[in-house]
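Chains L and U supply the protein sequences, listed in that same order. Position one of the first sequence corresponds to residue 73 (this note's numbering), numbered consecutively onward. Position one of the second sequence corresponds to residue 73 (this note's numbering), numbered consecutively onward. Before any comments, here is the structure.
Protein chains: 2
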Amino acid sequence: MTYYSRKLNDVFQALADPTRRAVLQRLSEGAASTLELARPFEMALPSFTRHLKMLEKFGLVKSKKSGRVRTYELAPKRLQAVEDWILERRKLWERRLDQLDAYLLTMKEDDHGQ
Amino acid sequence: MTYYSRKLNDVFQALADPTRRAVLQRLSEGAASTLELARPFEMALPSFTRHLKMLEKFGLVKSKKSGRVRTYELAPKRLQAVEDWILERRKLWERRLDQLDAYLLTMKEDDHGQ
DNA sequence: CTAACACTTAGGCTTTGCGCTAAGTGTTTG
DNA sequence: CAAACACTTAGCGCAAAGCCTAAGTGTTAG
């Protein structure tokens, strides 16, 4: 577990924006073109495509251009890093809380009547 | 599942910084004071305490000041939101990949000899 | 009661994030 | 081949992130 993980920084950063999360959600229902993806958003197109570029740069989606249409789909591998991190953290977390429980129990047993 | 979730934005944002992730890791081993937490980092103290404030503001840690020492500990509840989001996304993801598998199989069956 | 300690507040500086408009590129379609 | 289409590039503006130093504030030890 390194202090600095570029990959984790990037993926969390990518997920910190609601537009990008919504795009991932949409793509989980199937591939789509740039304009299809952009339609629900009120944003100007260049602003929107920056989000798509960011998602691709950080490995969360991939795209392919055919003719004048660019089609995007998910690249789920990268989300695994985040999931791993969370689950690992949660294990430590819960172990710690268990220890706290145990400690409080000890206190209680040692603590006769006051 | 709403398009805009302040809570998710905030938590992902909080986790996007390596210093803050390291603090969470350290705290998963037990509570600690501001200076104890700060020691491993080369950052100036005011810079570091801003990270702590952010973690607290977003509900990932909590603190209590007693005398001149402020002690921090984890507040694990909030991480659940992130975990939920990830796992939900993953379910959709995998269903989608399964569909793709099925589709490719269909193709293969329809595709006799070319 | 003074000095050290453990932060905390204030303010400044630079970089990055996220939005915009305007103009450009390459691909179809009539 | 001209016009419509689907992006793409360039460049600007503003706000927030993340770092710093300097100067507080309140607490405790000698």
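Cβ coordinates follow ideal geometry from the N, Cα and C atoms, glycine included.
Residues that DSSP places opposite residue i in a beta bridge
i                 : result
Val133 of chain L : L:Leu146
Val141 of chain L : L:Ser138
Contact test: residue i Cβ vs the ligand GDP heavy atom, cutoff 7 Å
i                 : result
Ala153 of chain L : Absence of the ligand GDP is noted for the structure shown, with no ligands found whatsoever.
**Report entry** Segments assigned alpha helix (DSSP H), at least 4 residues, entirely inside the stretch 74-118 of chain U
**Finding:** For the stretch 74-118 of chain U, whole alpha helix (DSSP H) runs of length 4 or above, ordered along the chain, are 78-87, 90-99, 106-110.
Query raised in the report: At a cut of 8 Å, does the stretch 122-134 of chain L reach the stretch 75-91 of chain L through at least three beta carbon pairs?
Result: Touching, per the Cβ criterion.
**Report entry** Residues within the stretch 84-111 of chain L neighbouring chain U, beta-carbon criterion of under 9 Å
**Finding:** So the close ones are Phe84, Gln85, Ala86, Leu87, Ala88, Asp89, Pro90, Thr91, Arg93, Ala94, Leu96, Gln97, Leu99, Ser100, Glu101, Gly102.
Report task. State whether the stretch 145-155 of chain U contacts the stretch 90-101 of chain U, with contact taken as three or more CB pairs (one from each stretch) at a distance under 8 Å. Result -> Contact holds between the stretch 145-155 of chain U and the stretch 90-101 of chain U, because three or more Cβ pairs, one in each stretch, are under 8 Å apart.
Query raised in the report: If contact means a Cβ-Cβ distance below 7 Å, which residues of the stretch 127-161 of chain L contact chain U?
Result: Flagged, chain order: Leu146, Pro148, Leu151, Val154, Glu155, Ile158, Arg161.
Query raised in the report: Between the stretch 133-146 of chain L and the stretch 106-125 of chain L, do three or more beta carbon pairs fall short of 8 Å?
Result: Output reads yes: the stretch 106-125 of chain L touches the stretch 133-146 of chain L.
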